[in-house]
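J.: Quick one: the structure is below, questions incoming.
2 protein chains.
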Amino acid sequence: MNIDPVGLFIEDCKKHGLNVTYQRLAVFKVISKHKGHPSAEDIYREVLKEYPRISLATIYTTLETLSKYSIISKVTPLHDTARYDYDQEVHHHLICINCRKIIDIKYDEFDYLWLPDDLKQNFKVLNYKIQFEGICPQCQSKSNQQQET
Amino acid sequence: MNIDPVGLFIEDCKKHGLNVTYQRLAVFKVISKHKGHPSAEDIYREVLKEYPRISLATIYTTLETLSKYSIISKVTPLHDTARYDYDQEVHHHLICINCRKIIDIKYDEFDYLWLPDDLKQNFKVLNYKIQFEGICPQCQSKSNQQQET
DNA sequence: GTGGTTGCAAAAAGTTTGCAGGCTC
DNA sequence: GAGCCTGCAAACTTTTTGCAACCAC
Numbered sequence: 004m005n006i007d008p009v010g011l012f013i014e015d016c017k018k019h020g021l022n023v024t025y026q027r028l029a030v031f032k033v034i035s036k037h038k039g040h041p042s043a044e045d046i047y048r049e050v051l052k053e054y055p056r057i058s059l060a061t062i063y064t065t066l067e068t069l070s071k072y073s074i075i076s077k078v079t080p081l082h083d084t085a086r087y088d089y090d091q092e093v094h095h096h097l098i099c100i101n102c103r104k105i106i107d108i109k110y111d112e113f114d115y116l117w118l119p120d121d122l123k124q125n126f127k128v129l130n131y132k133i134q135f136e137g138i139c140p141q142c143q144s145k146s147n148q149q150q151e152t
Numbered sequence: 004m005n006i007d008p009v010g011l012f013i014e015d016c017k018k019h020g021l022n023v024t025y026q027r028l029a030v031f032k033v034i035s036k037h038k039g040h041p042s043a044e045d046i047y048r049e050v051l052k053e054y055p056r057i058s059l060a061t062i063y064t065t066l067e068t069l070s071k072y073s074i075i076s077k078v079t080p081l082h083d084t085a086r087y088d089y090d091q092e093v094h095h096h097l098i099c100i101n102c103r104k105i106i107d108i109k110y111d112e113f114d115y116l117w118l119p120d121d122l123k124q125n126f127k128v129l130n131y132k133i134q135f136e137g138i139c140p141q142c143q144s145k146s147n148q149q150q151e152t
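Chains as they are written, first to last, in my numbering: chain A, 4 to 152; chain B, 4 to 152.
Written out as structure tokens, the structure reads:
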């Protein structure tokens, strides 16, 4: 019944026990209307137009909170520090969302992904990487231990 | 004939006209031996053991230089700022390595990737994202214009 | 009213830059 | 020896934090 993103947003907040503040609404509106993938700074500049007193720190806190409850998502789970790799063979990555470890995986099946023609025609694809997000074995056993305690 | 990474490294440097310095060798050795995907800081700490006078700035410069010539690779092309997204539908991304724009793509073909059993058994996969890296149409036409000039 | 949120300012974390001196080729 | 490269320190950018004031419920 409710296909209004703002309505959904309010429901989501209530579901998770989050207060619906003007700031959160404003941040959410900007993200949901934005065509691309805005950074905190982008969002800040946009929200400022409507709420000139909002603080950048609030933007960060809000984004972190909303990501935590999956109301929005962080496109770049590993943005905080650059990571480097020597292995020049084609391979893909498992990223543990808990400990942020990256594990290499190589399966031939992933090396010949079919690319749609209209994609290839517009965008010059040089390579692709598949990022699997999840929980690594170590973190799985840790969280089990905690539940048992 | 030469499967020694260090030998290959020296060749690569010469090929690109880069001086082979102790610092670059040390950085390279750490990366090529490292099991995971070290950050600049990780590499710095490791290199310090052997060259206590190296500077963190040198590590950064070296990593940037080596990435530029594809001697090593940066696992996280978008690490510099966090990017957020409202779209909660499953979708994948095109990343323009030139202007760093992110473009959403949705093709059903990518939504049912086959996952190997041993992968699923060890790592609890929650979702996956395919990142296509390449050049967006705008940047392609820009670089064509430049070549013509 | 109460507890969750915000604004502010300051600090932390990560990265880049300018310049003088040093090292590779 | 020439020019590239490094160390140092300082600056810059992005993000986080502590605390008092404030607002949603």
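From the three backbone atoms N, C-alpha and C, an ideal C-beta is built for every residue, glycine too.
Using 8 Å as the limit for Cβ to Cβ distance, is C139/A near chain B?
T.: Here residue 139/A refers to the residue found at position 136 when the first sequence is read from its first residue. True, the Cβ-Cβ gap to chain B drops below 8 Å.
J.: Am I right that T79/A and S42/B are in contact with their C-beta atoms under 8 Å? What's the rounded C-beta distance?
T.: Your numbering for residue 79/A matches position 76 in the first sequence. Your numbering for residue 42/B matches position 39 in the second sequence. About 15 Å; that fails the 8 Å criterion.
J.: Threshold first: 3 residues or longer. Then list the beta strand (DSSP E) segments lying entirely within the region 70 to 110 of chain B, N to C.
T.: The qualifying runs are 95 to 99 and 105 to 108.
J.: When the Cα atoms are used, what is the spatial distance from D111/B to L129/B?
T.: Stepping through the second sequence from its first residue, residue 111/B is reached at position 108. Stepping through the second sequence from its first residue, residue 129/B is reached at position 126. About 18 Å.
J.: At what residues does the beta strand (DSSP E) containing C136/A begin and finish?
T.: Within the first sequence, residue 136/A is the residue found at index 133, counting from 1. First, the amino acid is wrong: residue 136/A is Glu here, not Cys. K127 to I138 is the extent of the beta strand (DSSP E) around E136/A.
J.: Taking a cut of 8 Å between CB atoms, which residues from the region 24 to 54 of chain A lie near chain B?
T.: Listed in sequence order: F31, I34, S35, H37, G39, H40, P41, S42, A43, E44 and I46.
J.: Mind checking if T65/A is an interface residue toward chain B, Cβ cutoff 8 Å exclusive?
T.: Within the first sequence, numbered from 1, the residue matching residue 65/A stands at position 62. It does not: the Cβ of T65/A has no partner Cβ on chain B nearer than 8 Å.
J.: For chain B, is any of its Cβ atoms less than 8 Å away from the one on K18/A?
T.: On the first sequence, position 15 is the one that residue 18/A refers to. It does not: the Cβ of K18/A has no partner Cβ on chain B nearer than 8 Å.
J.: Pull out every residue of the region 76 to 87 of chain A whose Cβ sits closer than 8 Å to any Cβ of chain B, in chain order.
T.: If the cut-off is 8 Å between Cβ atoms, the region 76 to 87 of chain A has S76, K77, V78, T79, L81, H82, D83, T84, A85, R86 and Y87 near chain B.
J.: Looking only at DSSP bridge pairs, what is S42/A linked to?
T.: Position 39 of the first sequence, counted from the start, is the residue given in the question as residue 42/A. S42/A is bridged to R86/B.
J.: Could you tell me if Q91/A is buried or exposed, where buried requires 16 or more neighbouring beta carbons within 10 angstroms of its beta carbon?
T.: Stepping through the first sequence from its first residue, residue 91/A is reached at position 88. Q91/A is exposed by the Cβ-count criterion.
J.: Classify D121/B: buried if its beta carbon has 16 or more other beta carbons within 10 angstroms, exposed otherwise.
T.: Along the second sequence, read from residue 1 onward, the residue named residue 121/B stands at position 118. By the neighbour-count rule (16 or more Cβ atoms within 10 Å), D121/B is not buried but exposed.
J.: R142/A and I106/A: beta carbons closer than 8 Å?
T.: Here residue 142/A corresponds to residue number 139 of the first sequence, with the count starting at 1. Here residue 106/A corresponds to residue number 103 of the first sequence, with the count starting at 1. A quick correction: the sequence has Cys, not Arg, at residue 142/A. Contact flag unset, no.
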